[in-house]
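The sequence shown begins at 8 in this note's numbering and counts up one residue at a time. By construction, the Cβ of each residue, glycine as well, lies at the ideal position given by its N, Cα and C atoms. Remarks on the structure that follows.
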Amino acid sequence: MSNAKDFARLPGFRDFPPEEMGLRSHLFDAWRRVAARYGFREYDAPPLEPLDLYVEKSGEEIVGQLYNFTDKGGRQVSLRPEMTPSLARVLGDRSRSMPKPIRWFSIPQLFRYERQQRGRLREHFQWNVDLVGAAGPEADAEVLAVALDGLRELGLDARHIRARVSDRRLLAGILSALGVPESRLLAAYGVVDKVEREPPERILQRLTDEVDLPREVAEAVVGLFDAPELDQVEARFGEDPDVAPHLASLRSFLKILEDLGFGDYVDFDLTIVRGLAYYTGVVFEIFDRAGEFRAVAGGGRYDRLLELVGGESLPAVGFGMGDVVLSELLRERGLAPDTSHSVDHFIVIIGDEQASLARRIAASLRGRGRSVVYGIRGQSVRKQFSAASNEGAREVVVLGPDEVNRGVAVVRSMDSGAEREVELTALLDDAAVGA
Ligand code: HAM
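Next comes the structure, spelled out in structure tokens:
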């Protein structure tokens, strides 16, 4: 036997009643406007994919969170936890015949079986913007600029948010200079990724136990994060041939962002490496400046993923921006839009004789693109006025018998309370468009 509890929403999933949907559409509209401004075109792919698409390519952290199962045909499948492998697959089938670079964006719903916490759910929507077929700091900067502009479009500027940027090639060069063997780099990234969330002793222990580094090397790695400025890194490692080219390219990335108007939004931060396995170059995460929330967005360069997924070998860079943290941040900063319902006109019908006229006026106004609601049950005038106010109507059109007999209706502005008489022919006449 079922009871109401059986139908409770799954933990980590959301309903979207109209007020919530209003905020969601507000984000999506802004994301679409900004993507278009930078020349990106929208695509989509299936929400269910072969499990293999994620295993190995995305890395352990995400694979541990997959919503995977065997389908009725015996296939190993998974709901998509991220969009990037799907993008690589879609391009794998067609990129050879496409002019480069390719600028594509998407707003998929993604599923990760995560421990539920503030800012992390089991489903979220993610704005994905990817630039494929162009290597180098210009492409990296263009993509980060799209992310920052998307946030600025929603009212968040350099006072509210900042991007923390680094480059895995730079970190690799520095770690090699400190004696970390190449075979241990990926494991070391996993620990560096947690530098901010775990105490130094724990990081040191993980570097020796999990990454298997000699103690003095592990200590040198931990010490690295005491002097985090780019100038200090340059003073210490600038002469190293494995470090110098990546420092130069990071500097040019920062300079291009300055040209694009985002200089104030970006900080160098060597602790940013990102949890996903496929990044090969620039990496970045965007946070609220006060540091109260989890990351709003993350991304970077991944030059080998397309080839791994069986496509053409193409350099690529992109980011994902989630709707969960962003919605929290907008609400917290008073930047969420008013999502109360609003229509242009509410028609108040005094007697049944005016019902047909009300419907004809509604049809005519709707034909001119206005939103119109009228009382559909024989309600008192008072109730109809309160319904008009619940709908957030801008104007109320009152069809009283005496006025209708004179060929007019009374139109009242709900803001000012001012009333005026309007000819019925004007309300009914298509020719009066814009009147
Ligand atoms: P990601 O860092 O895993 O990157 O996710 C990007 C953003 O999605 C996060 O910063 C966060 O805002 C949001 N997000 C991730 N997981 C959750 C969750 N469980 N609940 C709520 N929000 C979440 C990627 O997914 C990469 N594929 C992005 C990318 C695109 N890289 C290159 N192109």
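Report the CB separation of Ala41 from Glu160 in whole angstroms; it is logged as a contact under 8 angstroms. By 1-based counting over the sequence shown, the position of residue 41 is 34. By 1-based counting over the sequence shown, the position of residue 160 is 153. The sequence given here places Val at residue 41; Ala does not occur at that position. Between Glu160 and Val41 the Cβ distance is about 5 angstroms, and since that is below 8 angstroms, they are a contact.
Uninterrupted beta strand (DSSP E) stretches inside the region 140-199 (no shorter than 3 residues): Entirely contained in the region 140-199, the beta strand (DSSP E) runs reaching 3 residues are, in chain order, 168-174.
Sorry if obvious, but does the Cβ on Asn135 come closer than 7 angstroms to a heavy atom of the ligand HAM? In the sequence shown, residue 135 corresponds to position 128, counting from 1. Yes - the ligand HAM has a heavy atom lying nearer than 7 angstroms to the Cβ of Asn135.
Start and end residues, beta strand (DSSP E) containing Pro57: Working through the sequence shown from its first residue, we reach residue 57 at position 50. Boundaries of the beta strand (DSSP E) around Pro57: Leu55 to Pro57.
Go to Glu32, then tell me how far its alpha helix (DSSP H) extends in each direction, as first and last residue. Numbered from 1 along the sequence shown, position 25 holds the residue referred to as residue 32. According to the sequence provided, residue 32 is Ser. The question's Glu does not apply to it. Per DSSP, Ser32 belongs to the alpha helix (DSSP H) from Pro25 to Arg44.
Please list the terminal residues of the continuous beta strand (DSSP E) segment that includes Leu86. Locating residue 86 in the sequence shown gives position 79, where the first residue counts as 1. Taken as a continuous stretch (DSSP letters only), the beta strand (DSSP E) holding Leu86 covers Gln83 to Leu86.
So for Glu63, helix, strand or coil by DSSP? For the purposes of this step, residue 63 is identified with residue 56 of the sequence shown, where counting begins at 1. Glu63: coil per DSSP, three-state reduction.
Measure the beta-carbon distance from Ala369 to Ile354 and round it to whole angstroms, keeping in mind my assumption that it falls under 8 angstroms. Reading the sequence shown from its first residue, position 362 is the one you call residue 369. Reading the sequence shown from its first residue, position 347 is the one you call residue 354. With a contact defined as Cβ atoms closer than 8 angstroms, Ala369 and Ile354 qualify at about 6 angstroms.
From Arg96, Leu58 and Glu89, residue whose alpha carbon lies closest to that of Arg82: Indexing the sequence shown from 1 puts residue 82 at position 75. Across the set Arg96, Leu58 and Glu89, the C-alpha of Leu58 shows the shortest separation from the C-alpha of Arg82.
Please list, in chain order, all residues of the same chain as Lys107 whose beta carbon is under 6 angstroms from its beta carbon, the five residues on each side excluded. What you label residue 107 is simply residue 100 of the sequence shown in a count that begins at 1. Within the same chain, Lys107 has close Cβ partners Gly140.
Other residues of its chain near Leu73: CB distance less than 8 angstroms, five sequence neighbours each side excluded: Working through the sequence shown from its first residue, we reach residue 73 at position 66. Cβ neighbours of Leu73 beyond the five flanking positions: Leu58, Tyr61, Ser85, Leu86, Pro88, Arg119 and Tyr120.
Reducing DSSP to helix, strand and coil, say where Leu128 ends up. Counting from one through the sequence shown, the residue named residue 128 turns up at place 121. Three-state DSSP puts Leu128 in coil, outside helix and strand.
Compare the Cα-Cα distances from Val280 to each of Val172, Arg258 and Asp345 and report the closest residue. Here residue 280 corresponds to residue number 273 of the sequence shown, with the count starting at 1. That would be Val172, whose Cα lies nearest to the Cα of Val280.
Does the ligand FMN have even one heavy atom less than 7 angstroms from the beta-carbon of Glu145? Among the ligands modelled here, namely the ligand HAM, the ligand FMN does not occur.
From Asp200 to His167, what does the alpha carbon distance come to, in whole angstroms? As a working mapping, residue 200 is identified with position 193 in the sequence shown. As a working mapping, residue 167 is identified with position 160 in the sequence shown. So the alpha carbons of these two residues sit roughly 23 angstroms apart.
Would you kindly work out how many angstroms separate the C-alpha atoms of Val97 and Phe132, rounded to a whole number? Stepping through the sequence shown from its first residue, residue 97 is reached at position 90. Stepping through the sequence shown from its first residue, residue 132 is reached at position 125. Near 20 angstroms, if we compare the C-alpha coordinates of Phe132 and Val97.
Between the C-alpha atoms of His253 and Ser347, what's the straight-line distance to the nearest angstrom? Taking the first residue of the sequence shown as 1, we reach residue 253 at position 246. Taking the first residue of the sequence shown as 1, we reach residue 347 at position 340. Pairing His253 with Ser347, the inter-Cα distance amounts to about 50 angstroms.
If you reduce the DSSP assignment to three classes, tell me which class Thr77 lands in. Along the sequence shown, one-based indexing puts residue 77 at 70. Secondary structure at Thr77: strand, using DSSP grouped into helix, strand and coil.
What do you reckon, is the C-beta of Glu89 under 7 angstroms from a heavy atom of the ligand HAM? As a working note, residue 89 is residue 82 in the sequence shown. Glu89 Cβ: within cutoff of the ligand HAM.
In terms of DSSP beta bridges, what is Asp137 paired with? Within the sequence shown, residue 137 is the residue found at index 130, counting from 1. Assignment of beta-bridge partners to Asp137 by DSSP yields Trp111 and Gly325.
In chain order, what residues of the same chain lie with their CB nearer than 6 angstroms to the CB of Ser320, ignoring the 5 residues before and after it? If you number the sequence shown from 1, residue 320 lands on position 313. The answer, listed in chain order, is Glu314.
Any heavy atom of the ligand HAM within a distance shorter than 7 angstroms of the CB on Arg110? Working through the sequence shown from its first residue, we reach residue 110 at position 103. Arg110 Cβ: outside cutoff for every heavy atom of the ligand HAM.
Cβ of Leu283 versus every heavy atom of the ligand HAM: is any distance shorter than 7 angstroms? On the sequence shown, residue 283 is found 276 positions in, with the first residue counted as 1. Yes, Cβ of Leu283 sits closer than 7 angstroms to a heavy atom of the ligand HAM.
Checking the sheet assignment: what are the DSSP bridge partners for Val316? What you label residue 316 is simply residue 309 of the sequence shown in a count that begins at 1. Beta-bridge partners assigned by DSSP to Val316: none are found.
Whether Ala142 touches Ile263 by CB criterion (8 angstroms): Taking the sequence shown and counting its residues from 1, one reaches residue 142 at position 135. Taking the sequence shown and counting its residues from 1, one reaches residue 263 at position 256. If you check the CB distance, Ala142 and Ile263 do not come in under 8 angstroms.
By the three-class DSSP mapping on this structure, what secondary structure does Ala400 have? Within the sequence shown, numbered from 1, the residue matching residue 400 stands at position 393. In this structure, Ala400 counts as coil in the three-state DSSP scheme.
Closer than 7 angstroms: is that where the CB of His131 sits relative to any heavy atom of the ligand HAM? As a position in the sequence shown, residue 131 is number 124, starting the count at 1. Yes.
Ignoring anything shorter than 4 residues, give me the alpha helix (DSSP H) runs that lie fully in the region 346-389, in order along the chain. If we require 4 residues or more, the alpha helix (DSSP H) runs fully inside the region 346-389 come out as 362-374.
Under a Cβ-count criterion, where at least 16 other Cβ atoms within 10 Å of its own Cβ denotes burial, should Phe76 be classed as buried or exposed? Reading the sequence shown from its first residue, position 69 is the one you call residue 76. Phe76 is classed as exposed because its beta carbon has fewer than 16 other beta carbons within 10 Å across all chains shown.
For Asn135, count neighbouring Cβ atoms within 10 angstroms of its own Cβ and tell me buried if that reaches 16, exposed if not. Locating residue 135 in the sequence shown gives position 128, where the first residue counts as 1. The C-beta of Asn135 has 16 or more other C-beta atoms within 10 Å across all chains shown, which makes the residue buried.
Cutoff 7 angstroms; reference Glu203; Cβ partners in own chain excluding five residues on either side: As a first step, residue 203 is located in the sequence shown; it is residue number 196 there, counting from the start. So the list reads Thr278, once near-sequence residues are dropped.
Is Gly140 near the ligand HAM, going by C-beta to nearest heavy atom under 7 angstroms? Looking up residue 140 in the sequence shown gives position 133. Checking the Cβ of Gly140 against the ligand HAM gives no.
Between Gly374 and chain C, is any beta-carbon pair separated by less than 8 angstroms? In the structure shown, chain C cannot be found, because there is only a single protein chain.
In angstroms, rounded to a whole number, what distance separates the CA positions of Ala395 and Glu410? Position 388 of the sequence shown, counting from 1, holds the residue named residue 395. Position 403 of the sequence shown, counting from 1, holds the residue named residue 410. Looking at the two C-alpha atoms, the distance is approximately 20 angstroms.
Tell me which residue opens and which closes the alpha helix (DSSP H) that Arg427 is part of. If you number the sequence shown from 1, residue 427 lands on position 420. For Arg427, no alpha helix (DSSP H) run applies; the uninterrupted beta strand (DSSP E) run containing it begins and ends at Glu426 to Glu430, by DSSP.
How about Arg21: is its Cβ closer than 7 angstroms to a heavy atom in the ligand HAM? By one-based count along the sequence shown, residue 21 stands at place 14. Relative to the non-hydrogen atoms of the ligand HAM, the Cβ of Arg21 never comes closer than 7 angstroms to any of them.
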